[in-house]
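Here's the structure we're looking at; comments come further down.
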Amino acid sequence: MVISWLRVPEEAELSEEVRELFARLREKTGFVPNVARAFALSPRFLLWFRYYDQLMRGEGLLTREEKEAMAIAISGENRCEYCVASHKRYLKDLTGDPVLPEVLAANPRRADLPPRTRALVDFALKVTHRHHEMTEGDLRPLREVGLSDEAILEAAEVAAMFNFTNRLLNALGFKPNPEYYHAP
Numbered sequence: 434m435v436i437s438w439l440r441v442p443e444e445a446e447l448s449e450e451v452r453e454l455f456a457r458l459r460e461k462t463g464f465v466p467n468v469a470r471a472f473a474l475s476p477r478f479l480l481w482f483r484y485y486d487q488l489m490r491g492e493g494l495l496t497r498e499e500k501e502a503m504a505i506a507i508s509g510e511n512r513c514e515y516c517v518a519s520h521k522r523y524l525k526d527l528t529g530d531p532v533l534p535e536v537l538a539a540n541p542r543r544a545d546l547p548p549r550t551r552a553l554v555d556f557a558l559k560v561t562h563r564h565h566e567m568t569e570g571d572l573r574p575l576r577e578v579g580l581s582d583e584a585i586l587e588a589a590e591v592a593a594m595f596n597f598t599n600r601l602l603n604a605l606g607f608k609p610n611p612e613y614y615h616a617p
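Using my numbering, read the sequence shown as starting at 434 and increasing by one per residue.
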């Protein structure tokens, strides 16, 4: 199966550190995500992966569910097949809800969300579509649901990460792993 329009390096070509990461991913999920396999062509791959992993799975001020909701909404708007498939799977696994990830991907404005998650998704959508129009007033809904400036910065990082990654994956034809479409 072709997973990218670029050459995907063989594991034997990769550094020991990348091979160790792939082994941890296989142990945790049973497979190596195609995004990791294709990104491994870049010497900067580990920098991206560490930042992404810390942002999405490390300790933070936003919940994993909130970040995944933002990721799906942004990726759906950007029509990023890879990120929609993978993050819908992650949110389904986290929440047990098979409907919410589908609605977030299809039309996030209609998703039934708690007020805090709604504010985060709306913020993420504005960062995606109208970032150049943003004003300090765009932070008000986030503050009204109790988010600190540090949490707002984290939300902006998530929005920026997915807008960056969506564009990169779309530009290079990254394909999602079939495992994302099947229940574990």
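Using N, Cα and C, we set each Cβ at its ideal position, and we do this for glycine too.
If you draw a straight line from the alpha carbon of residue i to that of residue j, how long is it in whole angstroms?
i: K525; j: A445; result: 34 angstroms
i: E569; j: V560; result: 13 angstroms
i: N610; j: A471; result: 12 angstroms
i: V619; j: L454; result: Coverage of the chain is limited to positions 434 through 617, which leaves residue 619 absent and any answer about it impossible.
i: L439; j: R522; result: 25 angstroms
i: L533; j: H615; result: 16 angstroms
i: A473; j: E499; result: 28 angstroms
i: W481; j: L488; result: 10 angstroms
i: L575; j: A589; result: 11 angstroms
i: H565; j: E460; result: 42 angstroms
i: L458; j: E443; result: 16 angstroms
i: P452; j: M434; result: Reading off the sequence, residue 452 comes out as Arg, not Pro. Using only the alpha carbons, I get a separation of about 21 angstroms.
i: L605; j: P547; result: 35 angstroms
i: A593; j: S519; result: 18 angstroms
i: M567; j: A456; result: 42 angstroms
i: V441; j: R490; result: 26 angstroms
i: P531; j: G463; result: 22 angstroms
Select from the options the residue whose C-alpha is nearest the C-alpha of residue i.
i: P476; options: E449, M489, R459; result: E449
i: R512; options: R600, N610, Y613; result: R600
i: E587; options: T528, R497, V441, N610; result: R497
i: E535; options: R440, E510, A593, L494; result: E510
i: A552; options: F595, L580, P531; result: L580
i: T598; options: Y485, M567, R573, L447; result: Y485
Note down, in chain order, each residue of its chain lying with its Cβ closer than 6 angstroms to the Cβ of residue i, except the 5 sequence neighbours on either side.
i: V517; result: S508, G509, A538
Among the residues of its own chain, which have a CB less than 7 angstroms from the CB of residue i, if the five just before and after it don't count?
i: A584; result: L494, L495
i: L479; result: E450, V451
i: I436; result: N467, R470, A471, F607, K608
Got a sec? Which residues, its chain only, sit under 8 angstroms from residue i by beta carbon, not counting five neighbours each side?
i: D571; result: F556, K559
i: L527; result: R497, E498, E501
i: D545; result: L533, V536
i: V554; result: A502, M503, A506, L537, P541, A544, L546
i: A529; result: Checking the sequence, you will find Gly at residue 529 rather than Ala. The answer is none, since no qualifying residue turns up.
i: L447; result: F455, A473
Quick test of your reading: residue i and residue j, contact by CB under 8 angstroms. State the CB separation rounded to the nearest angstrom.
i: A504; j: V591; result: 7 angstroms
i: F595; j: Y515; result: In fact, because the Cβ distance is near 11 angstroms, the residues do not count as touching under 8 angstroms.
i: R549; j: V578; result: 4 angstroms
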